[in-house]
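At position 185 of the sequence shown (counting the first as 1) the number is 185 in the numbering used here, and the numbers step up by one without a gap.
Shown next, in structure tokens, is the structure this report addresses.
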Amino acid sequence: MQKTKSPYINMLPLALLAASLATFCDAIHVHTHTLAYPDPWLFGQAFWVLPGFFVTFMTMSVGYFWMAPALPKALPTGKSTSAGAIGPCVEALISFGMVYLLSGFGNREPVLLSAIFYGVFALRLTFTYEKGFLLVLALILAVAGMFAEGLISAMGQVNYREPEIFHVPFWLGALYMHGAFALREGMRCFVYGR
Numbered sequence: 001m002q003k004t005k006s007p008y009i010n011m012l013p014l015a016l017l018a019a020s021l022a023t024f025c026d027a028i029h030v031h032t033h034t035l036a037y038p039d040p041w042l043f044g045q046a047f048w049v050l051p052g053f054f055v056t057f058m059t060m061s062v063g064y065f066w067m068a069p070a071l072p073k074a075l076p077t078g079k080s081t082s083a084g085a086i087g088p089c090v091e092a093l094i095s096f097g098m099v100y101l102l103s104g105f106g107n108r109e110p111v112l113l114s115a116i117f118y119g120v121f122a123l124r125l126t127f128t129y130e131k132g133f134l135l136v137l138a139l140i141l142a143v144a145g146m147f148a149e150g151l152i153s154a155m156g157q158v159n160y161r162e163p164e165i166f167h168v169p170f171w172l173g174a175l176y177m178h179g180a181f182a183l184r185e186g187m188r189c190f191v192y193g194r
């Protein structure tokens with residue numbers, strides 16, 4: 001009998017890939033003065049940025065894995081918990097990275113940036129599968145992400161240029177919402193596809 005690998009082991013490369021992408025994009029945020037760390041270590045970032053992103057993405061992956069089968073049948077998750085291909089995963093990660101980068105270069109216009117990000121999310125949601133599940137996932141990521149980053153900011157570990165709501169910019173929620181697409185395709189490719 002062949003021993004199957006734990007799905008949590010398969011989440012490790014996904015979390016590392018996502019953390020690396022987010023750390024690169026966060027460096028762009030530092031470069032564009034979207035945010036600043038009081039005790040920079042490398043590239044203007046604090047020493048805990050990469051490990052913090054890794055823990056964040058592992059938490060998101062584990063949360064996804066537990067949440068998807070626990071949702072009511074009214075929110076189907078069959079395709080979102082089935083094996084996926086590398087192409088859609090790469091596309092979703094690139095899209096997330098582009099939104100992240102745009103937030104750095106467009107942060108001087110936070111109202112316009114928020115309108116674009118939330119509007120594009122609504123458009124992407126229109127054309128995706130299992131819309132209800134993705135919307136629930138996106139809202140959870142947005143609220144939890146803004147709250148967690150707001151706490152980090154409240155502790156003085158990072159400062160945003162435009163803190164509009166609980167020490168963070170309003171567009172940050174939309175950034176996390178776009179991340180829901182990448183999380184779903186990453187889970188399908190790295191965890192459910194193995």
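Glycine included, every Cβ here is placed at the ideal spot set by N, Cα and C.
Pairwise C-alpha distance: residue 168 and residue 34: 10 Å
Beta-carbon proximity list for residue 1, same chain, < 8 Å, skipping 5 on both sides: Its pLDDT being 49, under 50, residue 1 is placed unreliably by the model, and the measurement read from it follows with that caveat. Excluding positions up to five away in sequence, the list is empty.
Closest residue to residue 173 among 154, 190, 127, 113 (Cα-Cα distance): 113
Residue 160 - partner residues in DSSP beta bridges: 35
Host alpha helix (DSSP H) of residue 124 (start-end): 110–126
Residue interval of the alpha helix (DSSP H) (run including residue 178): 171–186
Cβ-Cβ distance between residue 65 and residue 191 below 8 Å: yes
Neighbourhood of residue 102 by C-beta distance below 7 Å, restricted to the same chain and skipping five residues each side: none
Residue 15 beta carbon less than 8 Å from that of residue 61: yes
Among 67, 83, 146, nearest to residue 170 - alpha-carbon criterion: 146
Length at least 4, wholly inside the segment 51–113: the alpha helix (DSSP H) runs in chain order: 86–105
Three or more C-beta pairs below 8 Å linking the segment 23–34 and the segment 96–110: yes
Proximity of residue 214 and residue 151 at Cβ, strictly below 8 Å: Residue 214 is absent from the structure shown; the chain starts at 1 and stops at 194.
Option nearest residue 131 by Cα separation, candidates 95, 10, 49, 76: 76
Option nearest residue 119 by Cα separation, candidates 98, 22, 177: 177
Alpha-carbon spacing of residue 199 relative to residue 43, whole angstroms: Look at the range of the chain in this structure, 1 to 194, and you will see that residue 199 is not part of it.
Residue 156 Cβ short of 7 Å to the ligand FMN heavy atom set: For the structure depicted, the ligand FMN is absent and the ligand set is empty, with no information on it obtainable.
Residue range of the alpha helix (DSSP H) that includes residue 136: 131–154
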